[in-house]
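Following UniProt numbering, the numbering of the sequence shown begins with 1 at its first residue and continues without gaps.
Below is one structure, written out as structure tokens; the observations come after it.
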Amino acid sequence: MSIIVTPEERRSLRSHLREHFGFRRFRAGQEEAAASALKGKDTVVVMPTGSGKSLCYQLPGLAMEGTTVVVGPLLALMKDQADALARRGFPVAEVNSSLNDRQSRLAEEAIEVGLPEFVFTTPERMADPAFRAVLKRRRLDLFVIDEAHCISQWGHDFRPDYLDLGLAIADLGHPPVLAMTATATPEVIDDIVESLGIPDAELVHTGFDRPNLGLSVINAAGAEAKQNALLHLLQEAEGVGIVYCATVKAVDELSEFLGGLGLPVASYHGRMPLRKRVEAQDRFMRGEVRAMVATNAFGLGIDKPDIRFVIHYHLPGTLEAYYQEFGRAGRDGEPARGILIYDPADRALQSFFRGRMPDAEDLVNAHHTLSRWEDEPGGPTLSELLKISPLSKTRLRVCLGLLERFGLVSREPGRRYRLSRRELSLGEATRIASRFREREERGILKRHQMTEYAESRSCRWGTLLDYFGNEDVLGGPCGRCDRCEGTGPA
């Protein structure tokens, strides 16, 4: 960290910290990040899950006179953060797809007259010129991007509009940017800086080591062996934890299997009705179950510091995802464990997720589909395009996002699309697709690196820290993984 905090700035920041949040001292990196934002500097913050990244924008946001915009990928996570500030008496506004037209209009009217200090929204809304026009009427002191790694690592699949946040920032007159993530390699940090157009950004990086977390891999070939391994772990483990599965089917089958044996578990995945998801989450938060069996739809923004274990029943797709997910354990600083149950056959399951990037024909198809509305007033919405497009919703959104980045498509008010150029040759589409095929190849490499971690005979923490560019942190065996327990400092 190259950020210098003057004594005067330190006194002011700590005064605000005590006054607004009741804390006497900062955690690592928080003071530097808040000071950088208050100075109006673009800043990238890389801090582990549970280390208090939210305070890095909340404190400067309260100290500044203007509005702070917070962009995040998940409505539930944004709502939790907004509710936490509202409970402290700070005016907030939420603008996202969960609001009806009347609610959206009231929120935007409040923004126009400067009522909320914080505006929580999504990348999709930031892509709407009409919403940006509302924000332009206010003084924006800080533009915050949560989960900023979505810009680089599979950002085009998770949230296609993350790719366009740089354009939105430029359109807003480039307010100071604070990009936050828990998982970013040096390469991903470079992607974030380039995509957002913040080449001179300060970097606050507190490292990736979690001294209270132990790591281990259990080899179990075949469904029966994996079930037995999980059953043994749950019977022996203390406290409450999470069991991550790669598919919805596996979540349903595994939770039924464990429940049939009398183990108190809950299940969670994106296809469950909202009511059941909320019910399962509430049971987990109250400690009524030993484990939550879930896809990776569960976990972001869950404020439960006493999770004692996170078990991965399948091989995660990337080391970034693995680190972020097992990092939900032990946020209270007490000993906790991240465990991977590894079956070499899981590599085939990860291969199933390949091929998600659109090819040239997909781009031409999306362009042609939109051209059928060329003479219609207003332009179509994504839902209207889906009715006549053979592409899936995610793939069509990605195609439209790429075409917009290359000036072939524009976004109109009301989240409608319109052609900016009538012609798109297969050759040009091929060139556009090839620019992003590197991401697909990078994803294959990341899956290979995840497999190498599972099969490695080296220190688990050493392997992870080396991957994230923190290779000099340990200085020897970690003493808290299955490869080197008893051989170094615990």
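Quick reminder that beta carbons are idealized off the backbone N, C-alpha and C, glycines included.
(message) Spatial neighbours of Pro-489 within its chain, please: C-beta separation below 7 Å, excluding the five flanking residues on both sides.
(response) Translated into the one-based positions of the sequence shown, residue 489 becomes position 489. Summary for Pro-489: the model assigns pLDDT 44, below 50, so the residue's position carries little reliability; its value from the coordinates is reported in the next sentence. Here the set comprises Gly-479.
(request) Can you check the region 459-488 for any alpha helix (DSSP H) of at least 4 residues that lies completely inside it and give the ranges in chain order? (result) You should have 460-467.
(request) To the nearest angstrom, report how far apart Val-265 and Leu-465 are at their CA atoms. (result) In the sequence shown, residue 265 corresponds to position 265, counting from 1. In the sequence shown, residue 465 corresponds to position 465, counting from 1. The straight-line gap from Cα to Cα measures roughly 33 Å.
(request) Look at Leu-474 and Tyr-417 and say whether their C-beta atoms are less than 8 Å apart. (result) Your numbering for residue 474 matches position 474 in the sequence shown. Your numbering for residue 417 matches position 417 in the sequence shown. Taking a C-beta distance under 8 Å as the contact criterion, Leu-474 and Tyr-417 do not qualify as a contact pair.
(request) Please report how far the alpha carbon of Asp-141 lies from the alpha carbon of Glu-236, in whole angstroms. (result) Taking the first residue of the sequence shown as position 1, residue 141 is located at position 141. Taking the first residue of the sequence shown as position 1, residue 236 is located at position 236. So the two alpha carbons sit approximately 51 Å from each other.
(message) Which residues does DSSP list as the beta-bridge partners of Ser-425?
(response) By one-based count along the sequence shown, residue 425 stands at place 425. Looking at the DSSP output, Ser-425 bridges to nothing.
(message) Based on DSSP bridge pairs, tell me the residues matched to Arg-416.
(response) In the sequence shown, counting from the first residue as 1, residue 416 sits at position 416. In DSSP, Arg-416 forms a bridge with Thr-381, Glu-412.
(request) Output yes or no for whether 8 Å exceeds the beta carbon distance between Val-92 and Ala-86. (result) Against the sequence shown, residue 92 aligns to sequence position 92. Against the sequence shown, residue 86 aligns to sequence position 86. Yes, these two residues count as a Cβ contact at 8 Å.
(message) Rounded to the nearest angstrom, what separates Pro-60 and Ala-82 at their Cα positions?
(response) Here residue 60 is taken as the residue at index 60 of the sequence shown, counted from 1. Here residue 82 is taken as the residue at index 82 of the sequence shown, counted from 1. C-alpha of Pro-60 to C-alpha of Ala-82: approximately 16 Å in a straight line.
(message) Quick check: what's the CA-CA separation for Asp-128 versus Arg-10?
(response) Position 128 of the sequence shown, counted from the first residue, corresponds to residue 128. Position 10 of the sequence shown, counted from the first residue, corresponds to residue 10. About 38 Å.
(request) Note down, one range per segment and in chain order, each alpha helix (DSSP H) of at least 4 residues found wholly within the region 93-175. (result) The region 93-175 is shown to contain whole alpha helix (DSSP H) runs of 4 or more residues at 101-112, 123-126, 129-136, 155-158, 165-171, in chain order.
(message) On the DSSP letters alone, give me the boundaries of the alpha helix (DSSP H) that Phe-406 sits inside.
(response) The residue labelled residue 406 in the question sits at position 406 within the sequence shown. Where Phe-406 is concerned, there is no enclosing alpha helix (DSSP H), because DSSP gives it neither an H nor an E.
(message) So, for Ser-216: in the same chain, excluding its five sequence neighbours on each side, which residues have a beta-carbon less than 8 Å away from its beta-carbon?
(response) What you label residue 216 is simply residue 216 of the sequence shown in a count that begins at 1. These residues qualify, in order along the chain: Arg-337, Gly-338, Ile-339, Leu-340, Arg-460, Cys-481, Asp-482.
(message) Once the 5 residues before and after Arg-27 are set aside, which same chain residues still bring their CB inside 7 Å of it?
(response) Translated into positions along the sequence shown, residue 27 becomes position 27. The residues are Ser-51, Gly-52.
(request) Pick out whichever of Trp-373, Arg-397, His-368 has its Cα sitting closest to the Cα of Ser-382. (result) Locating residue 382 in the sequence shown gives position 382, counting from the first residue. According to the sequence displayed, residue 382 carries Leu and not Ser. Out of Trp-373, Arg-397, His-368, Arg-397 has the C-alpha closest to the C-alpha of Leu-382.
(request) Output the boundary residues of the beta strand (DSSP E) element that contains Gly-197. (result) Against the sequence shown, residue 197 aligns to sequence position 197. Element bounds for Gly-197: n/a, residue is neither H nor E.
(message) Please report the straight-line C-alpha distance between Leu-426 and His-368, rounded to a whole angstrom.
(response) Translated into the one-based positions of the sequence shown, residue 426 becomes position 426. Translated into the one-based positions of the sequence shown, residue 368 becomes position 368. Each residue's Cα considered, the two are about 12 Å apart.
(request) Taking all protein chains shown into account, decide if Gly-327 is buried (16 or more other Cβ within 10 angstroms of its Cβ) or exposed. (result) Here residue 327 refers to the residue found at position 327 when the sequence shown is read from its first residue. By the 10 Å Cβ count, Gly-327 comes out buried.
(message) Rounding to the nearest angstrom, what Cα-Cα distance links Leu-178 and Pro-335 in this structure?
(response) As a position in the sequence shown, residue 178 is number 178, starting the count at 1. As a position in the sequence shown, residue 335 is number 335, starting the count at 1. Straight-line Cα distance between these residues: approximately 31 Å.
(request) Just confirm the distance between the C-beta atoms of Asp-359 and Ala-433, as a whole number of angstroms; I'd bet it's less than 8 Å. (result) Taking the sequence shown and counting its residues from 1, one reaches residue 359 at position 359. Taking the sequence shown and counting its residues from 1, one reaches residue 433 at position 433. 5 Å between Cβ atoms; contact.
(request) Leaving out five residues on either side along the sequence, give the residues of the same chain with a beta carbon under 6 Å from the beta carbon of Ala-280. (result) In the sequence shown, residue 280 corresponds to position 280, counting from 1. Excluding the 5 residues flanking it on each side, Ala-280 has same chain C-beta neighbours closer than 6 Å at Ala-266, Tyr-268, in chain order.
(message) Measuring CB atoms only, is the region 244-257 touching the region 308-324, in the sense that at least three cross pairs come out at less than 8 Å?
(response) In short, these stretches touch, since the Cβ pair count reaches three.
(request) Compute the Euclidean distance between the alpha carbons of Asp-171 and Asp-200, then round it to the nearest angstrom. (result) Translated into positions along the sequence shown, residue 171 becomes position 171. Translated into positions along the sequence shown, residue 200 becomes position 200. A direct Cα-Cα distance of roughly 19 Å separates Asp-171 from Asp-200.
(request) Compare the C-alpha of Pro-176 against each of Ala-297, Val-44, Leu-261, Glu-8 and name the closest. (result) Taking the first residue of the sequence shown as 1, we reach residue 176 at position 176. Of the listed residues, the one whose Cα sits closest to Pro-176 is Val-44.
(message) Beta-carbon within less than 8 Å of Ser-255's beta-carbon, same chain only, minus the 5 sequence neighbours each way: which residues are those?
(response) Residue numbering aside, residue 255 sits at position 255 when the sequence shown is read from its first letter. Apart from sequence neighbours up to five positions away, the residues of its chain that approach Ser-255 with a beta-carbon distance below 8 Å are Val-265, Ala-266, Ser-267, Val-293, ordered along the chain.
(message) By the three-class DSSP mapping on this structure, what secondary structure does Phe-309 have?
(response) Looking up residue 309 in the sequence shown gives position 309. Phe-309 carries a strand assignment under DSSP once its states are collapsed to helix, strand and coil.
(request) Specify the secondary structure class of Gly-61 as computed by DSSP and reduced to three states. (result) In the sequence shown, counting from the first residue as 1, residue 61 sits at position 61. Under the three-state reduction of DSSP output, Gly-61 falls in the helix class.
(message) Under 8 Å: do the region 31-48 and the region 186-201 share three or more Cβ pairs, one atom per stretch?
(response) Counting C-beta pairs with one atom in each stretch, the region 31-48 and the region 186-201 have three or more that are closer than 8 Å, which means they touch.
(request) Return the chain-ordered list of same chain residues with a C-beta closer than 6 Å to the C-beta of Leu-385, the five sequence neighbours on each side being excluded. (result) Residue 385 sits at position 385 when you count from the first residue of the sequence shown. Only Thr-369 meet the Cβ criterion.
(request) Just the C-alpha distance for Ile-3 and Ala-33, rounded to the nearest angstrom, thanks. (result) For the purposes of this step, residue 3 is taken as the residue at position 3 of the sequence shown. For the purposes of this step, residue 33 is taken as the residue at position 33 of the sequence shown. Each residue's Cα considered, the two are about 8 Å apart.
(message) How far does the alpha helix (DSSP H) with Ser-216 in it extend, from its first residue to its last?
(response) Within the sequence shown, residue 216 is the residue found at index 216, counting from 1. Note, Ser-216: premise wrong, no alpha helix (DSSP H); beta strand (DSSP E) at 213-219.
(message) What residue range does the alpha helix (DSSP H) around Arg-286 cover?
(response) In the sequence shown, counting from the first residue as 1, residue 286 sits at position 286. Note, Arg-286: premise wrong, no alpha helix (DSSP H); not H, not E.
(message) Bridge partners for Gly-241 per DSSP, in chain order?
(response) Counting from 1 along the sequence shown, the entry for residue 241 is found at position 241. Answer is Ala-291, Phe-309, bridged to Gly-241.
(request) On a CA-only basis, which of Glu-124, Asp-101, Leu-38, Ala-107 is nearest Glu-412? Give me that one, please. (result) Residue numbering aside, residue 412 sits at position 412 when the sequence shown is read from its first letter. The shortest Cα separation from Glu-412 among Glu-124, Asp-101, Leu-38, Ala-107 belongs to Glu-124.
(message) Please tell me whether Leu-99 and Ala-63 are closer than 8 Å, where the distance is taken between their beta carbons.
(response) Taking the sequence shown and counting its residues from 1, one reaches residue 99 at position 99. Taking the sequence shown and counting its residues from 1, one reaches residue 63 at position 63. In this structure, Ala-63 does not lie closer than 8 Å to Leu-99 by Cβ.
(request) Output the boundary residues of the alpha helix (DSSP H) element that contains Met-78. (result) By one-based count along the sequence shown, residue 78 stands at place 78. Note, Met-78: alpha helix (DSSP H), 75-87.
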